[in-house]
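K.L.:
At the far end of the sequence shown sits residue 141, using the UniProt record's numbering, and the numbering has no gaps. The C-beta atom is built at its ideal place from N, Cα and C for all residues, glycine as well. Just passing along the structure, written as structure tokens.
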Amino acid sequence: PEPEPEPEPEPEPEPEPEPEPEPEPEPEPEPENAATTPDAQPKVEPEEPHHEADEEPVADEETAPEVAAREKTLPPPADAAPPPEPTQEGFQLSDAQLAAQALKRKLRGTPAQKLSAQGLAPHVARLQALRDRLARDLSGQ
């Protein structure tokens, strides 16, 4: 018997721009104990508002190269347009959204075999810090 192929996840929509400008951005301190092993790295998800009841558990067994390889095989969305400039009139993208978009662009241009836990560790640490900051900001509202 052959192993069943994993179902391909549907492409996730780009995060919507926020209508409110964010207060002055603060520099993000990178945690000193950044995860360096593939199993300790979380799944990278787009930064968008959601409710805890809507959250799905994150698979810890998935390694960064597997995630990158899977994302590389997904076709780009047909309606994918370049992200709007944050200085355009009418809205401002948050730091988390800008970081997520920059990381996505960088990962799309990187072959999967060149990705490693050590190469992704700084990005993962930065995204974890942004996630923690967003959680603190949301809990304070």
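Tell me, to the nearest whole angstrom, how far the beta carbon of residue 102 is from that of residue 130; I am working on the premise that it is less than 8 Å.
P.N.:
So it is not a contact: roughly 11 Å between Cβ atoms.
K.L.:
Does residue 94 pass the burial test, meaning 16 or more other C-beta atoms within 10 Å, or should it be called exposed?
P.N.:
By the neighbour-count rule (16 or more Cβ atoms within 10 Å), residue 94 is buried.
K.L.:
Helix, strand or coil: how does DSSP classify residue 127 here?
P.N.:
Note: residue 127 maps to helix in three-state DSSP.
K.L.:
With a threshold of 16 other CB atoms inside 10 Å of the CB of residue 135, please say whether the residue is buried or exposed.
P.N.:
With fewer than 16 Cβ atoms within 10 Å of its Cβ, residue 135 is classed as exposed.
K.L.:
Pick helix, strand or coil for residue 119, following the three-state DSSP scheme.
P.N.:
Residue 119: helix per DSSP, three-state reduction.
K.L.:
Would you report the Cα separation of residue 108 and residue 125, rounded to the nearest angstrom?
P.N.:
Each residue's Cα considered, the two are about 19 Å apart.
K.L.:
List the whole-angstrom C-beta distance separating residue 99 from residue 138, where the pair is believed to meet the contact cut-off of C-beta under 8 Å.
P.N.:
Not a contact, Cβ separation roughly 17 Å.
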